[in-house]
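Trainee: Next up is a structure, given as structure tokens.
Residue numbers (this note's numbering): 2 to 101.
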């Protein structure tokens with residue numbers, strides 16, 4: 002169990018370093034050297050997209066590496082799909098298009 006946690010945390014930290022820390026360092030260097038233009042914009046966009054991708058990647062890492070996350074995710078998906086199916090069966094869905 003301890004090695005599984007070590008591997009999971011190592012993968013998560015490695016992905017955070019690549020997709021968030023390196024672009025943040027690039028942005029700090031851009032501000033320090035007063036570089037404007039495409040490099041500043043690229044650094045900002047890399048941080049934004051890297052943070053989003055890192056969050057998704059961390060969720061997937063924990064989902065695939067740990068049994069308890071897989072079980073709780075399956076339970077959540079089944080619970081949500083049952084609620085949607087129950088709502089759709091109680092409310093008749095029409096094919097009308099409303100224009101406001």
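By construction, the Cβ of each residue, glycine as well, lies at the ideal position given by its N, Cα and C atoms. No experiment lies behind these values; they were computed from the predicted model shown.
#1: Pair every Cβ in the stretch 10-27 with every Cβ in the stretch 69-82, then say whether three or more of these pairs are closer than 8 Å.
#2: Going straight from the alpha carbon of residue 99 to that of residue 45, what length do you get?
#3: Any heavy atom of the ligand NAP closer than 6 Å to the Cβ of residue 79?
#4: Classify residue 4: buried if its beta carbon has 16 or more other beta carbons within 10 angstroms, exposed otherwise.
#5: Would you grab the beta carbon distance between residue 24 and residue 58 for me? Rounded to a whole angstrom, and I think it's under 8 Å.
#6: Is DSSP giving residue 33 helix, strand or coil here?
Mentor: Concretely, from the data shown:
#1: The stretch 10-27 is not in contact with the stretch 69-82.
#2: The predicted model places residue 99 with a pLDDT of 47, which falls under 50 and marks its position as unreliable; any figure quoted below should be read in that light. Cα to Cα, residue 99 sits roughly 40 Å from residue 45.
#3: The model on display carries no ligand, and the ligand NAP is accordingly not part of it.
#4: exposed
#5: About 15 Å; that fails the 8 Å criterion.
#6: helix
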